[in-house]
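Notes follow once the structure below has been shown.
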Amino acid sequence: MSFITLTTDFGTKDHFVGAVKGAIFSELADAKIVDITHEISPFSITETAYILKNSYKSFPKGTTHIVGVDSELSIDNKHIALELDGHFFVCPDNGIISMIASEIVPTKIVEINIHDRIESSFPVLDVFVKVACFIARGGNLTVIGREIKEFKKLVEIQPKVNQSQNQIIGGVLYIDNYGNIITNISKKMFNDVGKGRAFKVTASRYSFTKIFNKYNEIKGTSSSDYNQFDGNKLALFNSAGYLEIAIYRSNLKTVGGASTLLGLEYRDPIIIDFFTESKPEYTPLT
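Here the numbering used here is used: the sequence shown runs in plain steps of one and ends on residue 297.
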């Protein structure tokens with residue numbers, strides 16, 4: 012059984028997704044196609060990487076992942092195929108892989124070279140499908156490309172640590188369907204830098220001195236009307252292990268999500284200050 016996933020910014024209104032799926036079935040009739048999402052914000056590399064990084068591991072080893080975001084071929088945006096963590100990726104070399112492979116080194120990477128035989132303004136359909144189906148049939152990567160060692164790195168979206176000021180300077184990485192703000196600050200970084208010290212998270216004009224483990228922890232254990240906590244702002248580490256700023260049970264139509272209420276967008280700064288002496292008003296993460 013061959014699993015092939017699709018992650019694109021095509022949306023579902025147009026013919027693009029249907030055409031890609033039809034081409035896959037024409038190449039590999041027994042393929043199992045899974046849509047991860049087609050609602051990526053147009054050309055958003057970081058959004059693509061965040062979603063793919065937190066979904067691909069749920070698929071069986073050997074799955075092939077087609078990534079169709081910012082995929083037009085150019086000198087600066089080559090097409091690559093690679094094996095990573097037992098999975099295969101067919102995608103543009105635009106920095107997506109540098110986020111997915113931030114902690115895992117790819118086993119093999121090739122620069123796809125079948126373009127000499129195929130000219131296309133729709134490379135996901137005409138190139139990526141052929142490569143993905145070849146891989147899904149057990150084909151060797153080196154047949155469809157020249158092996159390379161490097162891929163494009165995105166360093167500007169990585170959080171920075173200012174040791175002299177006991178500070179992490181991060182930013183907004185992604186805004187989810189609930190309007191929650193996902194930052195590029197991981198729980199591991201927070202613990203490594205903070206070492207259990209008191210802290211303050213600053214996001215726009217708001218600050219947080221406690222990090223929750225679950226969204227509903229903000230309501231406490233009282234059996235009183237929990238509705239009073241609806242719309243409360245909180246910080247927590249989400250299931251992907253990244254610091255998130257959320258609004259508990261926010262009504263997006265009337266209240267708005269965290270990104271709206273805090274006025275934060277992609278790449279806006281999120282700062283964590285740590286304190287050398289414990290201060291009663293700051294609550295360390297437990």
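Cβ atoms here follow ideal geometry from the backbone N, Cα and C, with glycine treated the same way.
Counting of Cβ neighbours within 10 angstroms places Lys68 among the exposed residues, the total staying below 16. Phe286 and Arg216 have their C-alpha atoms spaced approximately 20 Å apart. Taking C-beta separations shorter than 6 Å and ignoring five residues to either side along the sequence, the partners of Val172 in its chain run Ile179 and Val204, following chain order. Residue pairing from DSSP places Gln178 in a beta bridge opposite Asn173 and Asp284. Burial of Glu255 is indicated by the presence of at least 16 other C-beta atoms within 10 angstroms of its C-beta.
When C-alpha distances from Val140 are compared across Asn243, Ala209, Gly33 and Lys206, the shortest belongs to Gly33. DSSP, read as helix, strand or coil, puts Ser131 in coil. Looking only at Glu158, Gly22, Thr271 and Gly79, the smallest Cα-Cα distance to Ile186 is reached by Thr271. Rounded to the nearest angstrom, the gap between the Cα atoms of His90 and Leu247 is 37 Å.
Ranked by Cα distance from Ile115, the options Cys102, Asp284, Leu93 and Phe133 are led by Leu93. A straight line joining the alpha-carbon of Lys160 with that of Lys221 spans about 43 Å. The three-state secondary structure of Ile51, taken from DSSP, is coil. In the three-state reduction of the DSSP assignment, Tyr67 falls in the helix class. Your pair Gly268 and Gly190 checks out as a contact, with CB atoms roughly 1 Å apart and the cut at 8 Å. Per the C-alpha coordinates, the member of Thr194, Phe54 and Phe14 positioned closest to Leu39 is Phe14.
Note on geometry: alpha-carbon atoms of Thr16 and Val135 lie some 12 Å from one another.
Burial state of Glu58 is buried, judged by a 10 Å Cβ sphere holding 16 or more other Cβ atoms.
Around the C-beta of His76, 16 or more other C-beta atoms lie within 10 Å, and the residue is accordingly described as buried.
Inter-residue distance for Thr213 and Pro280 is about 9 Å (C-alpha atoms, whole angstroms).
Burial is judged here by how many other beta carbons sit within 10 angstroms of a residue's own beta carbon; Ser197 has at least 16 and is buried.
In terms of CA proximity to Asn195, Tyr253 leads the group Val154, Glu50, Asp96 and Tyr253.
Using a Cβ distance threshold of 8 Å, Glu158 and Ile111 do not count as a contacting pair. By the neighbour-count criterion, in which 16 or more other beta carbons inside 10 Å mark a residue as buried, Phe100 falls on the buried side. Between Ile123 and Ile86, the gap from beta carbon to beta carbon reaches 8 Å or more. Secondary structure of Ala269 (DSSP, three-state): helix. Burial is judged here by how many other beta carbons sit within 10 angstroms of a residue's own beta carbon; Pro71 has fewer than 16 and is exposed. Checking the DSSP bridge columns, you'll see Cys102 partnered with Ile91. In the three-state reduction of the DSSP assignment, Ile193 falls in the strand class.
Per the DSSP secondary-structure output, Arg157 pairs in a beta bridge with Glu122. For Thr74, the closest of Ile44, Tyr277 and Glu83 by C-alpha to C-alpha distance is Ile44.
The Cβ atoms of Ala257 and Tyr226 lie closer than 8 Å to each other.
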